[in-house]
Amino acid sequence: MLTARTKTGKIICLGNEYKKETLLAFRNQEEFICPVCGEAVILKLGEQRIFHFAHKRGGSCLEFSEGETENHLKGKLQLYRWLVSQNIPAILEYYDREIAQRPDIMFKFQGQRYALEFQCSPIPERIFIKRTRTYRDNGYEPLWILSHQHLHFKKRNVLSLSNFHYLFLRTAKTGKFYLPSYCPDERLFHLADSIIPYSVKQAFVQHSIYPIEKLTLSSLLNPPTAFKKLWLPGWERELEKFKMQWSLHPRANTNHFLREIYSQNMNLFLLPAEIGLPVPHSLFIQTSAIVWQTYILLDVLKEKKPGDLLKLNEIRGKLNRRIARKNIMIRHLPQLDSVDYMVPVKEYLYVLERFGILLQQDIDSFQLLHTIIIPRSNREKEELRSAFYQKVMTFSQNNK
Ligand SMILES: [Zn+2]
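The numbering of the sequence shown is full-length UniProt numbering, which starts it at 1 and goes up by one.
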């Protein structure tokens, strides 16, 4: 930790740029105690790590028992100094006794209190959700920043994201979702936005990198980039690779899906081009777009003839049953105000409308214009696919 109290009650914050001689002198004169548990702590002024306070071995302080990594110490210190350099009132390791929580940094900005957490170690989802809720209930806006070492890019614009990573997703004032991370070694912020997952773990993202001194707090809270639309051929290519991986290494929780489509005389490689389409809010649903869009096809669209109506309520009812059976999983996004899986579902219906399959009748119903054809052979699939992409191209040209 970077903050301790002297026996006389003085706070020593290593976020201030003390000279080593000053700290050596302090250490000779003073005894330091932990502001949380009141136990004695030692001021470490070695060459290997940045200067910090440490509990004596065997200490019982809950707050620091897990041991702090260098990455965490460094990041916390840099982020604190970054805030101070923008004249933002900030307190390093502020301990709020009432809620018994200690954000890495507490700061005030535009009349709002923030609790900044620079998270280096994975914590259980329920702890993350509980802390977030406690902050919100007590007048803090949480600002969770993930340590960048946790993120792995498969490609420049393809990122592996676990459920833990998705917890960090937050909303800008514009309504855009983004995931902030920071690397203390390179002193870089990384923002991932326009996140569109194509499988449970992989997502297309727009990735922006900012040196810490080039990004203001205001821009971190409301990133300047616009939502980036996906390039459909790139998406389709990753989706095909994913299907291949999936068929080679099926997992227990998706076996059910594969069995079910086989029983309908379908298979993963002969799904129509209308299945697995990217929509902006698809990250609300943890289950791959291939799966939930197939369920819409099987449970609703396949039952209808051209001219029939489909009601949003009917779709919701069918999907609720899939969710109850865990065929579809909704993602936990504790920093977002609402996560309604019908948002991506409606976006999908609008995509189908654009491609002439549906026609919206009123706020909660669509009419089926054309049945989605399920290809029976690779040749038929290719023909249908090129006809579909022809429509996509015409559509995007008309929208330029
Ligand atoms: Zn302590």
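No residue lacks a Cβ here, since even glycine has one placed at the ideal position from N, Cα and C.
Given the structure is predicted, the values throughout are model-derived calculations rather than measurements.
heavy atom of ligand 1 below 7 angstroms from residue i C-beta
i: His-165; result: no
i: Glu-31; result: no
i: His-256; result: no
i: His-72; result: no
i: His-249; result: no
i: His-52; result: no
i: Glu-39; result: yes
i: Cys-13; result: no
i: Cys-34; result: yes
i: Cys-61; result: yes
i: His-332; result: no
i: His-152; result: no
i: His-55; result: yes
Beta-bridge pairing of residue i - partner residues as DSSP gives them
i: His-190; result: Ser-181, Ile-209
i: Gln-112; result: Phe-109
i: Ser-160; result: His-152, Gln-202
i: Pro-197; result: Ala-203
i: Ala-54; result: Ile-42
i: Cys-13; result: Thr-3
i: Ile-330; result: Ile-285
i: Glu-117; result: Trp-144
i: Arg-170; result: Tyr-178
i: Asp-96; result: Gln-101
i: Ile-33; result: Arg-5, Ala-40
i: Leu-352; result: Leu-352 pairs with nothing; no bridge assigned.
i: Leu-309; result: Gln-367
Through-space distance from residue j to residue i, alpha-carbon basis
i: Val-205; j: Ile-195; result: 4 angstroms
i: Phe-189; j: Leu-359; result: 44 angstroms
i: Ser-365; j: Lys-318; result: 15 angstroms
i: Ile-373; j: Ile-357; result: 11 angstroms
i: Asp-96; j: Lys-7; result: 20 angstroms
i: Cys-77; j: Ser-263; result: The residue you asked about is not Cys; residue 77 is Leu in the sequence shown. Whole-angstrom Cα-Cα distance: 58 angstroms.
i: Ile-296; j: Asp-337; result: 26 angstroms
i: Pro-334; j: Leu-221; result: 17 angstroms
i: Glu-39; j: Ile-123; result: 25 angstroms
i: Phe-109; j: Arg-322; result: 43 angstroms
i: Lys-391; j: Phe-355; result: 7 angstroms
i: Met-393; j: Glu-125; result: 42 angstroms
i: Ala-226; j: Asn-28; result: 54 angstroms
i: Pro-278; j: Ala-100; result: 42 angstroms
i: Arg-136; j: Glu-21; result: 41 angstroms
i: Leu-167; j: Gly-307; result: 42 angstroms
i: Arg-379; j: Phe-269; result: 12 angstroms
i: Ala-54; j: Ile-11; result: 15 angstroms
i: Met-342; j: Tyr-348; result: 10 angstroms
Range of the contiguous beta strand (DSSP E) that encloses residue i
i: Thr-6; result: 3 to 6
i: Phe-366; result: 365 to 368
i: Leu-271; result: Looking at the DSSP string, Leu-271 is not in any beta strand (DSSP E), and its letter there is neither H nor E.
i: Ile-91; result: 90 to 92
i: Leu-358; result: 358 to 362
Sequence-distant residues of its chain with Cβ nearer than 8 angstroms to residue i (five each side left out)
i: Gln-202; result: Lys-154, Val-158, Leu-159, Ser-160, Leu-161, Glu-238, Phe-242
i: Thr-69; result: Cys-120, Ser-121
i: Asn-313; result: Asp-364
i: Lys-400; result: Per-residue confidence for Lys-400 stands at a pLDDT of 49, beneath the threshold of 50, marking its modelled position as unreliable; the derived number appears in the next sentence. There are no such residues.
i: His-152; result: Leu-159, Ser-160
i: Ala-172; result: Tyr-178, Leu-221, Asn-222, Pro-223
Contacts around residue i, its chain only, beta-carbon distance under 6 angstroms, and the 5 residues preceding and following it disregarded
i: residue 413; result: Since the first and last residues shown for the chain are 1 and 400, residue 413 lies out of range.
i: Arg-113; result: Gly-139, Tyr-140
i: Trp-82; result: Ile-212
i: Cys-34; result: Val-41, Cys-61
i: Cys-183; result: His-148
First through last residue of the alpha helix (DSSP H) which encompasses residue i
i: Ile-323; result: 312 to 324
i: Glu-141; result: That residue, Glu-141, is in no alpha helix (DSSP H); its beta strand (DSSP E) goes 140 to 147.
i: Asp-137; result: 125 to 137
i: Phe-242; result: 232 to 248
i: Asp-299; result: 289 to 299
i: Leu-221; result: 217 to 221
i: Gly-75; result: 70 to 85
Residues near residue i in its chain [Cβ-Cβ closer than 7 angstroms; skip 5 each side]
i: Gln-286; result: Val-200, Met-329, Ile-330, Arg-331
i: His-52; result: Met-1, Leu-2, Leu-14, Lys-44, Leu-73
i: Leu-23; result: Leu-43, Leu-45, Phe-51
i: Tyr-80; result: Gly-15, Ala-90, Leu-92, Ile-105
i: Leu-217; result: Leu-83, Gln-86, Ile-88, Phe-109
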